[in-house]
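Listed below in structure tokens is the structure:
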């Protein structure tokens with residue numbers, strides 16, 4: 001079965017775009033003391049810068065650095081400035097794929113992130129199913145309940161019907177009586193005929 005796309009390519013690009021303005025860089029990619037302490041444990045400018053960039057990406061927008069990821073220059077410059085590394089060393093980071101993966105694993109542990117696995121999928125599916133069941137039960141329960149306003153409206157409609165019936169009955173009394181009288185005269189024992197007309 002084909003997967004349904006929720007976002008268009010443009011919407012996805014906008015959602016996952018990295019910040020480039022100075023205000024956004026400060027808001028999303030400023031390190032605290034704990035972050036800087038962890039980053040400084042890396043040897044060499046390339047490793048410090050790469051580790052820090054991976055930390056930024058995992059926090060916002062929330063994805064891991066890919067092997068072919070191209071980052072905007074303002075991001076590299078801002079992160080390099082904070083970790084006191086040469087921005088040019090970014091080109092050397094990830095020459096060893098193992099280093100990049102080890103850094104990603106260490107950062108997942110540091111940020112307490114876990115990959116989304118089969119058990120997570122099953123738990124999510126069960127929670128979704130429970131939520132749908134509860135929503136259905138609430139919908140069925142509220143379908144039979146009336147609010148005070150609905151009760152007043154129902155009473156008003158019934159009263160209006162009663163007035164219409166009474167008015168109709170009052171207005172019909174004479175014609176029915178006249179018709180009954182004619183039918184009775186016509187048939188002789190008109191109760192049966194009259195009842196059949198009603």
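In full-length UniProt numbering, the protein residues as written are 1 to 198. Don't be surprised by glycine CBs; every beta carbon is placed ideally from N, CA and C.
Exercise for the section: Taking residue 109 as the reference, give the member of 58, 32 and 117 with the closest Cα. Expected result: 58
Problem - Rounded C-alpha distance that separates residue 113 from residue 64 - result: 11 Å
Exercise for the section: Compare the Cα-Cα distances from residue 74 to each of 132, 154 and 17 and report the closest residue. Expected result: 17
Handout entry: residue 20 versus residue 42 - alpha carbon distance
Key = Residue 42 has its alpha-carbon roughly 26 Å from the corresponding atom of residue 20.
Exercise for the section: Check whether the Cβ of residue 132 sits closer than 7 Å to any heavy atom of the ligand PLP, and report yes or no. Expected result: With respect to small molecules bound, the structure shown includes none, and the ligand PLP cannot be examined in it.
Handout entry: First through last residue of the alpha helix (DSSP H) which encompasses residue 6
Key = Where residue 6 is concerned, there is no enclosing alpha helix (DSSP H), given that its DSSP letter is neither H nor E.
Handout entry: Own chain, CB closer than 7 Å to residue 38, minus 5 neighbours either side, in chain order
Key = Once the five neighbours on either side are set aside, the close Cβ partners of residue 38 are 110.
Exercise for the section: Enumerate in chain order the residues of its own chain whose CB-to-CB distance from residue 92 is below 6 Å, with the five nearest sequence positions on each side excluded. Expected result: 46
Problem - Contact set for residue 115: own chain, Cβ-Cβ below 6 Å, skip 5 residues either direction - result: none
Practice task
Please state whether DSSP places residue 147 in a helix, a strand or coil.
Solution key: In the structure shown, residue 147 sits in coil (DSSP, three-state: anything other than H, G, I, E or B).
Exercise for the section: Could you say which of 11, 61, 100 and 106 lies nearest to residue 25 if we only look at CA atoms? Expected result: 61
Exercise for the section: Would you kindly check if the distance between the Cβ of residue 94 and the Cβ of residue 50 is under 8 Å? Expected result: Between residue 50 and residue 94, the gap from beta carbon to beta carbon is short of 8 Å.
Problem - Cα-Cα separation between residue 101 and residue 66, rounded to whole angstroms - result: 10 Å
Exercise for the section: Kindly indicate which residue of 79, 53 and 81 has the alpha-carbon position closest to the one of residue 69. Expected result: 53
Practice task
Please say whether residue 79 and residue 28 have beta carbons closer to each other than 8 Å?
Solution key: no
Problem - DSSP three-state assignment for residue 42, whether helix, strand or coil - result: In this structure, residue 42 counts as coil in the three-state DSSP scheme.
Exercise for the section: May I ask you to report which of helix, strand or coil DSSP gives residue 190? Expected result: For residue 190, the predicted structure reports a pLDDT of 44, less than 50, and the residue's modelled location is therefore unreliable. A value from the coordinates is still provided. Of the three classes helix, strand and coil, the one that applies to residue 190 here is coil, per DSSP.
Handout entry: Supposed close pair residue 35, residue 55 - CB separation, criterion 8 Å
Key = 6 Å
Problem - Same chain, Cβ closer than 6 Å to residue 87, five either side skipped, listed in chain order - result: 76, 77 and 80
Practice task
Report all residues from its chain with a CB closer than 8 Å to the CB of residue 177; omit the five preceding and five following residues, and keep chain order.
Solution key: With a pLDDT of only 49 at residue 177, under 50, the local geometry of the prediction cannot be trusted, and no value is derived from it.
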